[in-house]
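Reviewing the structure listed below.
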Amino acid sequence: MSADTELRDLFAQRTDGAPRGDVVERVAGSQRKARAIRRQRIAGGAALTVLAVAAAVVVVPGLPGRDRATDLPADKQTVAHGLLPVYRGGGKVLAAADFRTAATRISSITFTPTTYVLSVATTCDKDMPSDYMVSYEVNGHEAMAGSCSIGVSASSAQWGQDRAMWQAEYGVTLGQPATLTARIVRPAKGEEPRHAATYDGALDKDYRVAFAVYQPVPLADYPLPSKPAHLDPWQPVGHDHGSLYASYDAARVGTNTTRSTTLTLPPLGAQVDLSAGAPGRFVVAVDGTTILDWSSWTWDSDGFGGIALDPTALAPYGLRLKAGQRITVTITTSRFTEPRWSVDVSKTNRVR
Amino acid sequence: MADRAEFAAFVAGRSPRLHRTAFLLTRDWALAEDLLQTALAKAWLAWPRLEADPEPYVRKVLVNTYATWWRRKWRGETPTGELPDRADLRHDDVLHAVDSRGDLWDAVGRLPRRQRAVLVLRYYEDLSDAQVAELLGISVGTVKSQASKALAKLRLDPALATAPVLNGGS
């Protein structure tokens, strides 16, 4: 079953049986809030006036990082008729290709990886209708599939589970050539895209499809994006969680630092939420075992989301935990050049 | 010019669906009601200026209000390690055990808000990427990037590892 169908079914199921709202109370409640908002806006306007007056006498320092070296040529390089960057997400393209659907519906590239931390990226020069997809095989093994549209879509290469997949399922051996084949498919209703035959029927347009495999490169070789001339104020990515055990904000604890918190693992587990608004690296460890090594590569606000800290989620890392056990969570940040990140360690707020 | 009666009629007719959208974002019916009323409050303040159909505006305010709700402020770093349970969490554990999509629901809950919002707008509200982009005030490319990241993260969620329910990305 496709991701589209799974998520549609999930959302429909979860909203089935929604409580009936009291319309009268809902109208009244919203108008009470409206009055409160109006009062806040009046008060805020006065405060802003005060701030504006105060700012007039403050000398604004030069923007940090503004004089950093101009854009490196490498970060502007592209492949596949300009549809894919040479560098993205901490990696560099190993192999890439593009094809026009008017000419063919299948194309292959050969790549020789030196790590299993690989990412496959796809893009099209136009939005392809969602009933058509690009299906991939690796060394002849059915792999992944997805729709194709403007903008790059990529599988993630940062979570370790991919390593077992590339090696055990796809037969990829480090240092040996491997083949990635892209096919245009049109799965039947209920058919898995990976199992669908190559589609050779008519298409409404001639699409240029580009795909590539990326592999991480040493940081010294990666052209980090320059700090933009204009940067929005840092605001953490919103996350949902329960009560906080600890919260670290770079502005308070330092741009690059290590922080630890010890907690008793609650029955529903805990979680760690990461947010970044600059390139930099997070390493999260539990009782000294690294469970996540995640990097942000952009100046956009980005968040990893909740890393579950419960016995099931941490078992693949060799951790044998149980509720009621004391654990130490350690967060280490590095490579940040600006204090634009935050981390929350919280109790899982699992709600049905 | 719209008036209180029109606003009430709008709430009666359209708010149930918006309430469900709010629930998919907040994952709590009470929080969803609070979010919905906040969005309706802002809509009420803008009511005289709204186009013929206020629903797109209200939806936009609802999703963007959700995306910008900040975490509760923490005034210190001293971890307590022992925190009071929320009494309303326990009784749903049984439901989770028999709900075959419980793991997927939990995994969706671990996504960053914007990624979750993109999925809800795509797969519940059935909006196109262009409509999602316009609603969130981001580019279409960013919508696709956020969706791609969300689906990739779901596929790799350890809780879903033994039952791969998601195939493909977008």
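Same order as they appear, the protein sequences are chains A and B. For what it's worth, our numbering labels the leading residue of the first sequence as 22, then goes sequentially. For what it's worth, our numbering labels the leading residue of the second sequence as 20, then goes sequentially. For glycine and all other residues, C-beta sits at the position ideal for the given N, C-alpha and C.
DSSP three-state call for Q197/A: helix, strand or coil? Mapped onto the first sequence, residue 197/A falls at position 176. Correct three-state label for Q197/A: coil.
Quick one: is T191/B near chain A, going by C-beta distance under 7 Å? This structure does not reach residue 191/B, given that chain B is present from 20 up to 189, and the question cannot be answered.
Assign S140/A to one of three DSSP states: helix, strand, or coil. Reading the first sequence from its first residue, position 119 is the one you call residue 140/A. S140/A: strand per DSSP, three-state reduction.
Is there a Cβ of chain B sitting closer than 7 Å to that of Q52/A, yes or no? What you label residue 52/A is simply residue 31 of the first sequence in a count that begins at 1. With 7 Å as the cut-off, Q52/A counts as an interface residue toward chain B.
Exposed or buried, what is L195/A when buried is set at 16 or more other beta-carbons lying within 10 Å of its beta-carbon? Counting from one through the first sequence, the residue named residue 195/A turns up at place 174. Flag for L195/A reads exposed.
In chain order, what residues of the same chain lie with their CB nearer than 6 Å to the CB of S268/A, ignoring the 5 residues before and after it? One-based indexing of the first sequence puts residue 268/A at position 247. The answer, listed in chain order, is D365.
Would F132/A pass as a contact of A116/A if the rule is Cβ separation under 7 Å? Working through the first sequence from its first residue, we reach residue 132/A at position 111. Working through the first sequence from its first residue, we reach residue 116/A at position 95. For F132/A and A116/A, yes; Cβs fall inside 7 Å.
Note down, in chain order, each residue of its chain lying with its Cβ closer than 7 Å to the Cβ of G192/A, except the 5 sequence neighbours on either side. On the first sequence, residue 192/A is found 171 positions in, with the first residue counted as 1. These residues qualify, in order along the chain: N160 and H162.
Examine chain A for any beta-carbon lying closer than 7 Å to the beta-carbon of A60/B, and answer yes or no. On the second sequence, position 41 is the one that residue 60/B refers to. It does; some Cβ of chain A falls within 7 Å.
Between which two residues does the beta strand (DSSP E) carrying F132/A extend? Taking the first residue of the first sequence as 1, we reach residue 132/A at position 111. F132/A -> beta strand (DSSP E) spans I127 to F132.
Ends of the beta strand (DSSP E) at S363/A? In the first sequence, counting from the first residue as 1, residue 363/A sits at position 342. S363/A -> beta strand (DSSP E) spans W362 to K368.
Start and end residues, alpha helix (DSSP H) containing Q236/A: Along the first sequence, read from residue 1 onward, the residue named residue 236/A stands at position 215. Unbroken run through Q236/A is the beta strand (DSSP E), R229 to P237; no alpha helix (DSSP H).
By Cβ distance, which residues of its chain are closer than 7 Å to V100/A, with the 5 residues on each side in sequence left out? For the purposes of this step, residue 100/A is identified with residue 79 of the first sequence, where counting begins at 1. Excluding residues within five positions, the ones whose Cβ falls inside 7 Å are V107, V114, A117 and A233.
List the endpoints of the continuous beta strand (DSSP E) containing E158/A. Locating residue 158/A in the first sequence gives position 137, where the first residue counts as 1. Where E158/A is concerned, the enclosing beta strand (DSSP E) stretches over M154 to V159.
Minimum Cβ-Cβ distance from L155/B to chain A less than 7 Å: The residue labelled residue 155/B in the question sits at position 136 within the second sequence. By this cut-off, L155/B is not an interface position.
Chain A contacts made by the region 159–182 of chain B, where a contact means CB separation under 9 Å: V159, G160, T161, V162, K163, S164, A166, S167, K168, A169, L170, A171, K172, L173, R174, L175, D176, P177, A178 and A180
7 Å Cβ cut-off: residues of chain B touching R29/A: Residue 29/A sits at position 8 when you count from the first residue of the first sequence. In chain order: Y142.
State the beta-bridge partners of A175/A as determined by DSSP. What you label residue 175/A is simply residue 154 of the first sequence in a count that begins at 1. Note: A175/A sits in a beta bridge opposite A142/A.
So, using beta-carbon positions, are L37/B and L55/B closer together than 7 Å? Residue mapping note: residue 37/B aligns to position 18 of the second sequence, counting from 1. Residue mapping note: residue 55/B aligns to position 36 of the second sequence, counting from 1. Yes, the Cβ-Cβ distance between L37/B and L55/B is below 7 Å.
Determine which residues share a DSSP beta bridge with Y108/A and list them. For the purposes of this step, residue 108/A is identified with residue 87 of the first sequence, where counting begins at 1. K113/A.
Could you tell me the distance, in whole angstroms, from the CA atom of L69/B to the CA atom of S170/A? Counted from its first residue, the second sequence places residue 69/B at position 50. Counted from its first residue, the first sequence places residue 170/A at position 149. Approximately 33 Å between the Cα atoms of the pair.
Going by DSSP, name the residue or residues bridged to V191/B. Since the displayed chain B opens at 20 and closes at 189, residue 191/B lies outside it and no answer follows.
Between which two residues does the alpha helix (DSSP H) containing Q292/A stretch? Along the first sequence, one-based indexing puts residue 292/A at 271. First-last for Q292/A: A291 to A297, but that is the beta strand (DSSP E), not the alpha helix (DSSP H).
Got a sec? Which residues, its chain only, sit under 8 Å from L173/B by beta carbon, not counting five neighbours each side? Mapped onto the second sequence, residue 173/B falls at position 154. Excluding sequence neighbours, L173/B sits near L123, A126, V127, L130, L179 and L185.
To the nearest whole angstrom, what separates the beta carbons of K368/A and S264/A, a pair I think is in contact under 8 Å? For the purposes of this step, residue 368/A is identified with residue 347 of the first sequence, where counting begins at 1. For the purposes of this step, residue 264/A is identified with residue 243 of the first sequence, where counting begins at 1. Sure, about 5 Å apart at Cβ, within 8 Å.
Near D148/A, what residues of its chain come up, given a Cβ to Cβ distance below 7 Å and the 5 sequence neighbours on each side ignored? Position 127 of the first sequence, counted from the start, is the residue given in the question as residue 148/A. For D148/A, where only same-chain residues beyond five positions count, the Cβ hits under 7 Å are S170 and I171.
Limits of the alpha helix (DSSP H) - the one that W63/B falls within: Here the question's residue 63/B lines up with position 44 in the second sequence. Residues W48 to A65.
Would you mind working out which of R132/B, L59/B, S167/B and A31/B sits nearest L44/B, comparing C-alpha positions? Translated into the one-based positions of the second sequence, residue 44/B becomes position 25. Here the closest residue by C-alpha is R132/B.
Cβ neighbours of H216/A in the same chain (closer than 8 Å, five flanking residues each side left out): To locate residue 216/A, count along the first sequence from 1; it is residue 195. For H216/A, where only same-chain residues beyond five positions count, the Cβ hits under 8 Å are E163 and P208.
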